[in-house]
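S.K.: Before we start, here is the structure in question, set down as structure tokens.
Number of protein chains: 2
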Amino acid sequence: MKYMTNFTTLSEEQQQEISEGILIEEYKKGTHLIRQGDDPTIKCYFVLQGCVRQYTIDESGKEVTANFYTEEQAILTFTFQDLSQSSKYALTCLEDSIMVVGDFDTEKEMYNQYSELETMTRQMMEIYLGQAQNEFTAFISSTPEERYKSIMSKRPDLVTRVPQHQLASYLGITPESLSRIKKRMNQDKRRV
Amino acid sequence: MKYMTNFTTLSEEQQQEISEGILIEEYKKGTHLIRQGDDPTIKCYFVLQGCVRQYTIDESGKEVTANFYTEEQAILTFTFQDLSQSSKYALTCLEDSIMVVGDFDTEKEMYNQYSELETMTRQMMEIYLGQAQNEFTAFISSTPEERYKSIMSKRPDLVTRVPQHQLASYLGITPESLSRIKKRMNQDKRRV
DNA sequence: GTGCGGCATTGACTTAAGTTAAGAATGGCA
DNA sequence: TGCCATTCTTAACTTAAGTCAATGCCGCAC
């Protein structure tokens with residue numbers, strides 16, 4: 001897979017071998033890959049097509065969207081480390097989706113077989129961690145309106161693909177506020 | 001080091017060997033470990049004693065605190081991946097501090113020597129990533145006041161160790177707001 | 001086709017954060 | 001010790017987000 005090539009020094013043949021061990025699955029819209037509180041089915045995904053939402057219901061009963069995953073994004077949620085031994089997040093498909101599915105047991109075997117693969121995973125996680133850091137910092141320092149504008153420019157497809165109230169919960173605001181922000185922005189545009 | 005034991009299957013002797021290769025440094029309060037825009041000096045730290053602040057100046061000139069690191073915390077900031085080739089964050093000591101300093105070149109050598117070390121690093125990063133995820137989600141769904149209460153309970157030392165305006169910038173609010181939140185909380189307490 | 005339920009928008013009202021500015025407290029340093 | 005700079009608090013005002021409630025709008029099932 002072309003995605004892999006950027007990260008690794010593995011040979012063509014080795015990449016071929018790994019690719020053959022890979023499992024690709026299709027899921028219908030509305031499918032729960034994992035539910036909150038489930039035993040952690042130690043799995044990870046890579047979205048080839050579709051859209052997956054990661055969310056949690058917090059103590060006060062509010063639903064919080066932690067992320068949306070779309071094409072070419074990996075879903076790595078290491079939530080099971082929590083002593084609780086149950087998943088903190090739920091994953092559901094917002095659309096019919098096609099994904100690469102990996103489970104951590106075969107992953108470990110593969111690490112033994114191809115040590116470069118572990119290096120590659122580590123590097124990917126470093127990048128991930130850096131991105132998470134940057135996103136967090138950006139979130140801290142911005143207002144809801146700025147966050148909406150930011151997502152409009154970085155992931156414009158989300159704004160149309162995803163229900164507004166879920167997008168709002170990802171931006172940390174209420175659906176009403178999101179609605180008003182959009183209204184304000186339209187008015188400003190017209191005025192200019 | 002006792003911290004390591006929790007993560008690895010390395011033998012005592014091996015841990016001993018690794019520990020000997022480790023560099024420990026002391027820094028005075030106010031020292032910049034790295035400045036924003038510096039060439040990324042590919043280093044990582046582990047705080048034995050003291051307090052380090054990670055921050056960035058954003059486009060609008062506002063200072064944003066991304067994190068505070070205190071005893072027993074590792075500083076892993078993978079910001080250099082940004083094409084920019086310069087560090088997005090600055091790290092400064094808020095107190096006199098003692099830290100383990102690692103640079104990535106010797107780290108790589110050690111990975112070759114002890115492959116378990118890479119596994120250990122990967123596992124630590126998984127946990128890190130999970131924590132970052134959780135912190136982000138918690139941040140999204142909480143008000144400034146809730147965030148302050150949360151930090152009071154999770155890292156009460158920070159509230160006293162760290163300048164208030166820097167704490168405010170970590171909570172995503174202005175110093176004035178933080179001041180008001182504290183005032184409100186005192187009044188509420190007295191009333192009860 | 002009709003009706004129902006969930007979703008998006010709008011309005012009125014409350015509340016708290018941002019802004020600006022001023023004063024009080026603190027701490028470092030000569 | 002005393003001065004200066006920084007930091008923290010307070011106040012008055014503006015603005016936007018939360019809350020509650022009502023309406024309108026699909027989409028889906030029956």
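Line by line, the protein sequences are chains A and B. As numbered in our numbering, the first sequence has no gaps in its residue numbers, which increase by one up to the final residue, 192. As numbered in our numbering, the second sequence has no gaps in its residue numbers, which increase by one up to the final residue, 192. Glycine included, C-beta positions come from ideal geometry on N, C-alpha and C. As the structure is a prediction and not an experimental result, all values here were calculated from the model.
Do B:Arg-53 and B:Gln-164 have their C-beta atoms closer together than 8 Å?
M.R.: Not a contact, by the Cβ cut-off of 8 Å.
S.K.: Is B:Glu-126 close to chain A? Criterion is C-beta to C-beta, closer than 8 Å.
M.R.: Judged by the 8 Å Cβ criterion, B:Glu-126 is in contact with chain A.
S.K.: Hey, is B:Arg-122's beta-carbon within less than 8 Å of any beta-carbon in chain A?
M.R.: So yes, B:Arg-122 belongs to the interface.
S.K.: Given that a residue counts as buried once 16 or more other Cβ atoms are within 10 Å of its Cβ, and exposed if not, what is B:Gln-113?
M.R.: Exposed.
S.K.: Mind pulling the alpha helix (DSSP H) runs of 4 or more residues that sit fully within the region 73–152 of chain B?
M.R.: Fully enclosed alpha helix (DSSP H) runs of 4 or longer: 104–113 and 115–140.
S.K.: With 16 as the cutoff for other CB atoms within 10 Å, does A:Asn-186 come out buried or exposed?
M.R.: Exposed is the call here.
S.K.: What is the DSSP secondary structure of B:Val-162, counted as helix, strand or coil?
M.R.: In the structure shown, B:Val-162 sits in coil (DSSP, three-state: anything other than H, G, I, E or B).
S.K.: How would you call A:Gln-49, buried or exposed, if buried means at least 16 neighbouring beta carbons within 10 angstroms?
M.R.: When all chains shown are included, A:Gln-49 counts as exposed.
S.K.: Mind checking which residues open and close the beta strand (DSSP E) that includes A:Glu-59?
M.R.: Element bounds for A:Glu-59: n/a, residue is neither H nor E.
S.K.: Considering only DSSP beta bridges, list what A:Tyr-27 is partnered with.
M.R.: Per DSSP, A:Ser-97.
S.K.: Can you list, in chain order, the residues of its chain whose CB lies under 6 Å from that of B:Ser-86, leaving out five sequence neighbours each side?
M.R.: Within the same chain, B:Ser-86 has close Cβ partners Gly-37.
S.K.: Using only CA atoms, which one of B:Ala-168, B:Tyr-128 and B:Glu-107 lies nearest to B:Glu-118?
M.R.: Here the closest residue by C-alpha is B:Glu-107.
S.K.: What residues in the region 53–83 of chain B bring their beta carbon closer than 7 Å to a beta carbon of chain A?
M.R.: Taking 7 Å as the Cβ-Cβ cut-off against chain A, the residues of the region 53–83 of chain B that qualify are Thr-56, Asp-58, Lys-62, Val-64, Ala-66, Leu-76, Thr-77, Phe-78, Thr-79 and Gln-81.
S.K.: Check distances from the C-beta atoms of the region 135–151 of chain B to those of chain A and list, in chain order, the residues that come in under 9 Å.
M.R.: The region 135–151 of chain B vs chain A, Cβ under 9 Å: Glu-135, Phe-136, Thr-137, Ala-138, Phe-139, Ile-140, Ser-141 and Ser-142.
S.K.: Does the separation of the CB atoms of A:Ile-34 and A:Ala-90 fall below 8 Å?
M.R.: Yes, the Cβ-Cβ distance between A:Ile-34 and A:Ala-90 is below 8 Å.
S.K.: DSSP state of A:Ile-18, grouped into three classes?
M.R.: If DSSP states are grouped into helix, strand and coil, A:Ile-18 belongs with the helices.
S.K.: So B:Cys-213 is in the beta strand (DSSP E); what residue range does that whole segment cover?
M.R.: A query on residue 213 of chain B cannot be resolved here, the shown segment of chain B reaching from 1 to 192 and no further.
S.K.: Do B:Cys-93 and B:Thr-31 have their C-beta atoms within less than 8 Å of each other?
M.R.: It is a contact, given that the beta carbons lie within the stated cut-off.
S.K.: Compare the beta carbon distance of A:Phe-78 and B:Ile-127 with 8 Å and say whether it is the shorter of the two.
M.R.: Yes, these two residues count as a Cβ contact at 8 Å.
S.K.: So for A:Ile-173, helix, strand or coil by DSSP?
M.R.: Looking at A:Ile-173 - three-state DSSP - the assignment turns out to be coil, as it is neither helix nor strand.
S.K.: Under 7 Å Cβ-Cβ, which residues of chain B neighbour A:Ser-115?
M.R.: Per Cβ cutoff of 7 Å: Ser-115.
S.K.: Distance cutoff 8 Å, beta carbons only. Does B:Gln-133 sit that close to anything in chain A?
M.R.: It does; some Cβ of chain A falls within 8 Å.
S.K.: Going by other Cβ atoms of all chains shown within 10 Å of its Cβ, with 16 needed for buried, is B:Lys-183 buried or exposed?
M.R.: Result: exposed.
S.K.: Distance, Cα to Cα, B:Glu-95 vs B:Asp-157?
M.R.: Whole-angstrom Cα-Cα distance: 13 Å.
S.K.: Using a cut-off of 8 Å between C-beta atoms, extract the partners of A:Thr-119 located in chain B.
M.R.: Correct list: Tyr-111 and Glu-118.
S.K.: Considering only the alpha carbon of each residue, which of A:Glu-176, A:Gly-21, A:Val-159 and A:Phe-104 lies closest to A:Thr-70?
M.R.: Nearest option by C-alpha distance: A:Val-159.
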